[in-house]
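Chains as they are written, first to last, in the working numbering: chain A, 1 to 223; chain B, 1 to 168.
Glycine included, every Cβ here is placed at the ideal spot set by N, Cα and C.
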């Protein structure tokens with residue numbers, strides 16, 4: 001049945017070369033855990049992406065209940081966690097997944113560093129990877145404010161103080177991030193917009209570049 | 001043993017295992033989210049509280065409109081919403097009808113159209129109902145006016161939620 005549907009589409013659109021091009025590639029022996037168990041370190045990048053997919057999905061579902069507004073934000077988070085079935089699981093996935101992304105990304109970075117995979121000709125991919133790292137930190141920082149509880153609020157107070165301490169542009173950076181003089185209504189909507197539209201957009205673009213380059217250049221050779 | 005003696009080839013077995021395990025993992029990640037999204041549609045309707053609307057001695061054979069407020073819990077937002085009912089006595093029985101037209105939900109009025117006395121009239125599409133709430137044939141509504149759940153305690157009329165009726 002599925003095979004027939006696939007064949008019907010393939011006959012008309014010739015999709016086999018497309019997915020082959022994406023999915024079908026050689027896995028060298030030195031990165032295959034079936035040959036050398038220690039090669040599991042090469043899985044960290046893929047696992048980071050897996051957690052990112054979970055983050056995107058759970059985040060999409062959370063916005064069905066969440067309201068980015070100083071009156072309703074906390075109440076809506078409380079409601080979705082305590083009143084909606086499986087809310088505690090979906091919010092839990094997003095909450096713990098956020099930390100897990102940072103951990104996996106860090107392990108991936110260590111692997112790339114210690115195998116020397118950042119060296120010529122892969123310098124640009126390292127640069128893009130570092131940009132992804134900053135986007136992830138931004139997602140973590142902006143997402144932290146959204147529940148609008150005490151921890152969220154004062155963490156953002158501290159974060160924006162740090163931004164303000166930057167020389168010359170500090171005051172401007174703080175006002176831009178906070179959306180005004182005080183950390184309040186405008187900060188929350190601003191952080192929400194950054195968290196669900198701007199940074200995920202940037203992240204998808206950077207991930208596209210990251211994956212394109214690894215396919216173009218191939219996996220780096222054995223040590 | 002040749003490959004042909006097996007019902008399932010090595011490659012097929014691998015494909016089935018990978019798809020099975022992958023599908024299980026994907027399902028365990030996705031299913032809580034889907035249930036989470038479906039929650040409002042699967043939630044059972046809550047029990048409604050009875051609200052004091054009027055006293056029995058104010059009622060007559062003629063339907064009168066009574067306005068009252070009900071507490072509506074909308075997720076994390078609780079508010080008082082206005083409701084009204086057409087209430088009249090028929091012998092010892094008290095009947096409280098919803099003013100919502102069963103055609104498209106406009107508000108009906110008693111005796112509001114000179115051409116159709118002693119009927120509920122809906123101004124939107126000329127829907128009409130008898131005093132009992134029975135919809136008048138050949139007008140847009142297809143079922144009688146909803147009736148309120150009602151309780152009388154110590155001479156006070158309490159109304160609950162509305163009940164749909166197929167016939168009066």
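Asked                                                                                                                   : Found
Reference residue 81 (chain B), options B:73, B:87, B:88, closest by Cα                                                 : B:73
Where the segment 79-93 of chain A meets chain B: residues whose CB sits under 7 angstroms from a CB there              : 79, 84, 85, 86, 87, 89, 90
Coil, strand or helix - residue 81 (chain B) by DSSP                                                                    : strand
Under 7 angstroms from the C-beta of residue 75 (chain A): neighbouring residues of chain B                             : 76
Contact residues within the segment 5-31 of chain B, judged by C-beta distance below 8 angstroms to chain A             : 29, 30
Under 7 angstroms (Cβ pairs) to chain B, residues found in the segment 44-69 of chain A                                 : 54, 57, 58, 61, 64
Element boundaries [beta strand (DSSP E), containing residue 70 (chain B)]                                              : 64-74
Burial state of residue 125 (chain A) (16 or more Cβ within 10 Å)                                                       : buried
Alpha-carbon spacing of residue 71 (chain B) relative to residue 94 (chain B), whole angstroms                          : 24 angstroms
Beta-carbon proximity list for residue 198 (chain A), same chain, < 6 angstroms, skipping 5 on both sides               : none
When B:124, B:64, B:92 are compared against residue 141 (chain B), the one with the closest alpha-carbon                : B:124
Selection from B:15, B:30, B:98 that minimises the alpha carbon distance to residue 159 (chain B)                       : B:98
Backbone CA spacing between residue 143 (chain A) and residue 157 (chain A) [nearest angstrom]                          : 14 angstroms
Residue range of the alpha helix (DSSP H) that includes residue 215 (chain A)                                           : 199-217
Buried versus exposed call for residue 11 (chain B) [16 or more other C-beta atoms within 10 Å across all chains shown] : exposed
Cβ-based burial, residue 163 (chain B) [other Cβ within 10 Å; buried from 16]                                           : exposed
Interface partners of residue 44 (chain B) on chain A, CB under 7 angstroms                                             : None at all; the shortest Cβ gap to chain A is about 12 angstroms.
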